[in-house]
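Take 774 as the starting number for the sequence shown in this note's numbering and just add one per residue.
Below: one structure, written as structure tokens.
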Amino acid sequence: MCIMCLEILKGRMTILEGRKALTELVETTEERDLLKHYKELDEADDEKMLEIINRLDT
Ligand SMILES: [Zn+2]
């Protein structure tokens with residue numbers, strides 16, 4: 774899982790902070806799979822975003 778999801782999962786970053794980071798990550802990430810992951814999160818609403826992040830923790 775990516776560092777941002779890990780930080781949110783551990784409670785060291787809020788969803789709101791994550792969203793701010795995502796805006797930048799989507800613009801600066803060149804790695805295709807990671808960019809796809811960031812875009813998926815960026816387009817999701819808060820509930821869906823948490824769902825995706827919790828699903829990663831397996
Ligand atoms: Zn992630």
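Think of the CB as a built atom: it goes at the ideal place given N, C-alpha and C, for glycine as much as any other residue.
Checklist entry - Taking DSSP as the reference, what is the three-state secondary structure of T787? => result By 1-based counting over the sequence shown, the position of residue 787 is 14. Coil.
Next on the checklist: Please identify the residue among V799, L782, R828 whose C-alpha is closest to the C-alpha of K812.
Outcome noted: As a working mapping, residue 812 is identified with position 39 in the sequence shown. Looking at the Cα atoms, V799 is the closest of the given residues.
Item to check | Opening and closing residue of the alpha helix (DSSP H) in which C778 lies | outcome: One-based indexing of the sequence shown puts residue 778 at position 5. For C778, the enclosing alpha helix (DSSP H) stretches over residues 776–782.
Checklist entry - Taking the alpha helix (DSSP H) that E804 falls in, what are its first and last residues? => result Position 31 of the sequence shown, counted from the first residue, corresponds to residue 804. Careful: E804 lies outside any alpha helix (DSSP H) and carries neither H nor E.
Checklist entry - Are the CB atoms of D830 and L782 nearer to each other than 8 Å? => result As a working mapping, residue 830 is identified with position 57 in the sequence shown. As a working mapping, residue 782 is identified with position 9 in the sequence shown. The criterion of a C-beta distance shorter than 8 Å is satisfied by D830 and L782.
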